[in-house]
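Quick mapping for you: the protein sequence lines, in order, are chains A and B. For the first sequence, position 248 matches number 633 in this note's numbering, and the numbering has no gaps at all. For the second sequence, position 16 matches number 21 in this note's numbering, and the numbering has no gaps at all. Glycine included, every Cβ here is placed at the ideal spot set by N, Cα and C. Predicted model only: the values in this text are computed from it and were never measured. Working notes for the structure below.
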Amino acid sequence: MCGIAGIMFKGDRDTYETGKALISMLDGCQHRGPDSTGFALYGHASERRLRLRFLIGERDDESEIIGRIKGMLAKHGARIIEDEIVGANYRVTVEFDGDLQKFAYDMEHVARVVSIGSSLEIIKDVGGAHDVDERYHVHDFRGTHGLGHVRLATESDVKPEAAHPFWATGFEDVAIVHNGQITNYWKMRRRLEQRGFEFITDNDSELIAVYLADKLAKGVSLQDALKTSIEDLDGTFSFLVSTKDEIGYAKDRLAAKPMIMYENDDLIAVASEEVSLNRLFPGQALDTKEPPPGTYATWSRSI
Amino acid sequence: MVQIDLAKLPVRQANEQIRACGERGEDVEVINPDARHHIGVGLVHEIDVHVRGSAGYFCAGLTDAARFTVDRNVGWGLGDNMYKGSVVVKGNAGAIAGVAIRGAEIVVHGNMGSRAGQVMKAGTLCCASNANFMAGYMMYGGRIIILGDSGEHVGEDMTAGEIFVGGNVHNLGSDAMLTDIDSAEVDDIMAFLDRYQLPFKGTFKKVVNAGKKLRYATSERQMRSIPFFTFSGNLDYWNPKIQEDVFIKSQIGRYRIRGYGGARALPHVSDLAFRKDVARAGGDQDVVGKVKMYTEIGGINGARPLKLSMPVMIAPMSYGALSASTKRAVGLASSLSGIAENTGEGGMSNAQRDAAKQLIFQCLGGRLGWNIHDMNRADGLEIYISQGAKPGLGGQLMAKKVTPELARIRGIPHGIDLRSPSRHPDILGADDLVIKVEEFREATGYRLPVSVKMGAGRIRDDVKIAVKDGFDFIELDGMQGSTGAGSSEVIDYVGIPTLAAIIEALDALKEIGRRDDIEIVLMGGLRDGIDAVKALCLGADAVAFGTSTIIAGGCIACMQCHVGQCVTGIATQDPEHEKRYHPEIEAQNIHRFLESVRWQIAAITQALGYDDVRKLNRDDLVALTPEAATITRLPYEPEYRHRAPELNVKVG
Chain A
386 MCGIAGIMFK GDRDTYETGK ALISMLDGCQ HRGPDSTGFA LYGHASERRL
436 RLRFLIGERD DESEIIGRIK GMLAKHGARI IEDEIVGANY RVTVEFDGDL
486 QKFAYDMEHV ARVVSIGSSL EIIKDVGGAH DVDERYHVHD FRGTHGLGHV
536 RLATESDVKP EAAHPFWATG FEDVAIVHNG QITNYWKMRR RLEQRGFEFI
586 TDNDSELIAV YLADKLAKGV SLQDALKTSI EDLDGTFSFL VSTKDEIGYA
636 KDRLAAKPMI MYENDDLIAV ASEEVSLNRL FPGQALDTKE PPPGTYATWS
686 RSI
Chain B
6 MVQIDLAKLP VRQANEQIRA CGERGEDVEV INPDARHHIG VGLVHEIDVH
56 VRGSAGYFCA GLTDAARFTV DRNVGWGLGD NMYKGSVVVK GNAGAIAGVA
106 IRGAEIVVHG NMGSRAGQVM KAGTLCCASN ANFMAGYMMY GGRIIILGDS
156 GEHVGEDMTA GEIFVGGNVH NLGSDAMLTD IDSAEVDDIM AFLDRYQLPF
206 KGTFKKVVNA GKKLRYATSE RQMRSIPFFT FSGNLDYWNP KIQEDVFIKS
256 QIGRYRIRGY GGARALPHVS DLAFRKDVAR AGGDQDVVGK VKMYTEIGGI
306 NGARPLKLSM PVMIAPMSYG ALSASTKRAV GLASSLSGIA ENTGEGGMSN
356 AQRDAAKQLI FQCLGGRLGW NIHDMNRADG LEIYISQGAK PGLGGQLMAK
406 KVTPELARIR GIPHGIDLRS PSRHPDILGA DDLVIKVEEF REATGYRLPV
456 SVKMGAGRIR DDVKIAVKDG FDFIELDGMQ GSTGAGSSEV IDYVGIPTLA
506 AIIEALDALK EIGRRDDIEI VLMGGLRDGI DAVKALCLGA DAVAFGTSTI
556 IAGGCIACMQ CHVGQCVTGI ATQDPEHEKR YHPEIEAQNI HRFLESVRWQ
606 IAAITQALGY DDVRKLNRDD LVALTPEAAT ITRLPYEPEY RHRAPELNVK
656 VG
């Protein structure tokens, strides 16, 4: 029930206007999902530094939640370098060098985590692309690559935490956006839960994030993880995944959800509809490609 | 040549201008299209439209006679439902190119996405490069020419038509086979390719339907019919119904098909009573003139609403399931009573259009009989997702009823057991649906209300989708709804009761604070004015009657609607049987029934203390059974049961 978008710049800078590009692309397909909009943005990464974003809703007592977060950070020996409140987020940069999964689950037990990563930041909230931009200044964001998502809520409520992108809880810098429906959700989720993974929502897209992160953590390449996902996941899906230096896609075998891509010397862009790609190149007829059903691919910044 | 710049003009206004150019016979050039959706939809004049760039979804959809050229790519649903005319796409096409075309010529120079030519009826879809997954899926006629490779499962479940493949046939779809190609066919293809300047050297493989799934291997033996009251009796096990069922299945080895609605006892509006004693209702002879009943439906987003003299409509029933005479009688009765009629599946005949002053035109997944001309002469457009009697299934019309005339209107081969697709080719989620709704609005200039017919299933989610996708109203159909033909197990055991459906729908809208953004017409086993008032009290904006109007017009409830030999001339296409039905007389009978409904609504509304049906509310009701109380959260007041017979005597 949504539209997805992804972009990766090929050059070696980390100051491309990924925020602006994704805002345009998502505005172009906002008709596919008017309820909420989200961004997964990858910027400059620093050694041993993590950026954490928490959701602090209007009803919550901000100082109490921030107090709990700071307590848990201290418990894990994470030293706060800077922190601020942006929109409905508490954003904090820390120096940390421990077991990330344990750290992430503990953080999640004291507050609602949006993302944790060395280069990833997820921004998501209710409203359209421009509404979210106004609250979080997405257009200022410069970096290397990113994903975006517009959502029409059905099963879950219209809440920021049910918006995409989903962070693969416990796995640094992995995010996904998904259009479709995973029909063997509970079977797959139970399998992962039995192995100690925790799920924050009942949203089937979170499953894809955790599924892929689990594979990556075992040393499986992103390519191979996408390949097995087409076998393991049932239902209709077109999804995009991003890591610190890659983006990739997978598309179900029934070709039930749209996806279209464009590549030139400077960038790779993928979206649900060509209208989003054209937002990057107004007035130009683009040489686009539609990935066939049951296929996957990745692009890496190191190549 | 008129130039239209989509960088400056929204698509809606651009389409208005394109249609105006069509009327003047002027050609159009569209610049800066930037893959926007719905370019040119609804155009019915023979002009050239040149799109300088890429177009989005449904380019040239729902058109007739125009010639489109697109310089680069197109999105999903190229040429949707196009009659005559042509489209040439210089780049690639997304999924379902040529969906449901009725005679158009569509040429894609690049690749085509999945399911190209799905449910197409006539015309030529030609791809100069490779096609993807399931080209020709469920096609009913026409020709697909693929110069490159066919993709997997080519011709999946095709009924008729031909697919010619110049490259590799990766594998064949279900019920498709390769056959010999004759030289006349090759000459005709080469002439087509010459006309569109497509060079080709090589040979073709021809894919056609293998004929293994078009008819049931065994047709159902007609049995002595059981009267409905016996059929739904309280003998729980091994009653005559069960015996007959087992016996028939022992002969045919598959599920059975029957007509009519579910026969199980389910919580229903009859399990509710009015809180006030309405025993005195009807004492006032002039009550109809004193209670406001006029209702408009479908106008909340600016379309021209349906104008109903009371909050009642006719439920969708098809010409096909019903005879032309019956559709005429129902249509005439709807006009006499000042309410709206609905085509159901399978198209709009002139007779139907002439008889009904207000007519909703229904669009189903098979797009049988769907077209721009009838859309333009409709008073409302309706996307059918499912129906209460058989949620999740398509319509069924047995070969006996698929006459040459019906086959022509529906655009299908004559004499097949028609099992209509249960899914729309271009609606695989709420995100696609919103683009489809927009296409209909664009094609008809935003004049007509667009509704969704929804069989109660996952109501909470579906209703939220309906309001978010911008429908004007929902026709919400509960499990007690009837059908002309459905699997008997599905009719009896699948679905959500009408009572639960309306409550869940209202809960969902309340949850997202959108009750005022959509109207609900409730149906599914509602029988008379008393049921109607209860539905209005629960929160429906209007109700629709199907079965009771058919009964008013002579139906004897034998449940053999699917067989096609209806003794009353209602559910038949056999002229000998239809002779028994006198539409002018039955129209009066149905009209009188509808007037009794009007009187009941007025009398009860007045007895409850109101002068306007819009004042009816939940507090006017109590529940007579624990089940109904649980479903509706109304107070459980079993002692009110004793008042119910009195009410039936006084009112009715």
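For C368/B, the uninterrupted beta strand (DSSP E) run begins and ends at L364 to C368, by DSSP. The region 291-320 of chain B is shown to contain whole beta strand (DSSP E) runs of 3 or more residues at 300-302, 311-313 and 317-319, in chain order.
Sequence-ordered contacts of the region 436-470 of chain B with chain A read D436, D437, V439, I440, E443, R463, R465, D466, D467, K469 and I470 [C-beta pairs closer than 9 Å]. With a minimum length of 4 residues, the unbroken runs of alpha helix (DSSP H) contained wholly in the region 193-268 of chain B fall at 233-236 and 245-257. By the Cβ test, the region 159-177 of chain B is in contact with the region 131-151 of chain B, since at least three Cβ pairs between them sit closer than 8 Å. For M528/B, the uninterrupted beta strand (DSSP E) run begins and ends at E524 to M528, by DSSP. Using a Cβ distance threshold of 7 Å, Q611/B and V292/B count as a contacting pair. Of the residues F279/B, I151/B and S354/B, the one whose Cα lies closest to the Cα of A537/B is F279/B.
Selection V559/A, D630/A, D510/A and V495/A evaluated against V535/A yields D510/A as nearest (Cα-Cα). When DSSP states are grouped into helix, strand and coil, T422/A belongs to the strand group.
Straight-line spacing of the CA atoms in L11/B and L665/A works out to 16 Å. Contact note: R148/B does not reach chain A at a C-beta cutoff of 8 Å; the least C-beta distance is about 23 Å. Straight-line spacing of the CA atoms in I501/A and M573/A works out to 24 Å.
Per the C-alpha coordinates, the member of Y521/A, C387/A, G452/A and G472/A positioned closest to I465/A is G452/A. Of E31/B, Q256/B, I262/B and T554/B, the smallest CA-CA separation from A592/B is found for T554/B. Uninterrupted alpha helix (DSSP H) stretches at least 4 residues long and entirely within the region 367-426 of chain B occur at 377-381 and 409-415, given in chain order. Interface with chain B (7 Å Cβ-Cβ cutoff): N588/A is excluded.
Pairwise C-beta distances place the region 500-511 of chain B out of contact with the region 446-456 of chain B, as fewer than three of them are shorter than 8 Å. Contacts with chain A at 7 Å (Cβ-Cβ) do not include N347/B. Where N474/A is concerned, the enclosing beta strand (DSSP E) starts and stops at N474 to E480.
The way I'd put it, the region 33-46 of chain B does touch the region 665-674 of chain A; three or more beta-carbon pairs between them come closer than 8 Å. By the beta-carbon neighbour count (other beta carbons within 10 angstroms, threshold 16), E644/B is exposed.
For the region 597-625 of chain A, the set of positions with a beta-carbon nearer than 7 Å to some beta-carbon of chain B reads T621 in chain order. The beta carbon of R358/B sits closer than 7 Å to the beta carbons of L364 and R382 from its chain, once the five residues preceding and following it are set aside; these are given in chain order. Between N78/B and chain A, the shortest Cβ-Cβ separation is below 7 Å. The shortest C-alpha to C-alpha distance from E632/B to any of Y586/B, E642/B and A461/B is the one to E642/B. With respect to chain B, the C-beta atom of N474/A has no partner C-beta closer than 7 Å. Assignment of D482/B by DSSP, reduced to helix, strand and coil, places it in the strand class. Annotation: the continuous alpha helix (DSSP H) that includes N355/B extends over N355 to A360.
If you check each beta-carbon in the region 652-666 of chain A against every beta-carbon of chain B, the ones closer than 9 Å belong to S657, E658, E659, V660, S661, L662, N663, R664 and F666.
If you ignore the 5 residues before and after S614/A, its C-beta comes within less than 6 Å of the C-beta of A635, all in its own chain and listed in chain order.
When the five nearest sequence neighbours on each side are left out, the beta carbons in the same chain lying within less than 6 Å of the beta carbon of M6/B are those of D32 and E34, in order along the chain. In terms of Cα proximity to V170/B, the closest of M322/B, G460/B and E157/B is E157/B. In the structure shown, the three-state DSSP call for L629/B is coil. By the Cβ criterion, the region 479-495 of chain B is not in contact with the region 442-452 of chain B, since fewer than three pairs of Cβ atoms, one from each stretch, lie closer than 8 Å. H515/A has a beta carbon lying at 7 Å or more from every beta carbon in chain B.
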